[in-house]
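Going by this note's numbering, the sequence shown runs without a break in its numbering and finishes at 102. Structure first, commentary second.
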Amino acid sequence: MSIQGGAIGNPSGKTGTSSFPSGKPFSPDNYKIRHTAQGLVSAVRTATGDIDSRFFVQTEGDAGWADDRYAAFGIVLEEEGTGGMDLVRRISKVDVKAPQNSPKEPVLIVGCGVL
């Protein structure tokens, strides 16, 4: 379904520090991009509807459930030799435990460089 990350400063994954200089959550700017493609990157909303540092990468082709709820802002590239979508597909096949759908074993991405 999705790969989640970005909970800066909070290993529980329940919230994170905003990437804005103030460190405070901010409002999403639009919901125009529809969740129709694998590799789409979207911001996770807080309980109040704001955005902090958390995000998810879509691992299925159609995630209409996310439309108008989460603001998409990017896509994982399909570039050979960089990991990209190949890495997303490999992570999406990791065994998970129910009901929270978290990986049975930790998934770590190291040496990913800087965007």
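Even glycine gets a Cβ: it sits at the ideal position worked out from N, Cα and C.
Checklist entry - What's the C-alpha gap between residue 70 and residue 35? => result 34 Å
Checklist entry - Taking just the CA atoms, how far does residue 16 sit from residue 78? => result 29 Å
Checklist entry - Based on the DSSP secondary-structure assignment, which residues constitute the bridge partners of residue 90? => result 83
Next on the checklist: Whether or not the region 51 to 58 and the region 76 to 94 are in contact is what I'm after, with contact meaning three or more pairs of Cβ atoms, one per stretch, closer than 8 Å; do they touch?
Outcome noted: no
Checklist entry - Which whole-angstrom value describes the C-beta separation of residue 30 and residue 38, a residue pair presumed to lie in contact below a C-beta threshold of 8 Å? => result 4 Å
Checklist entry - Apart from the five residues just before and just after residue 72, which ones in its own chain have a Cβ nearer than 8 Å to its Cβ? => result 25, 26, 63, 64 and 65
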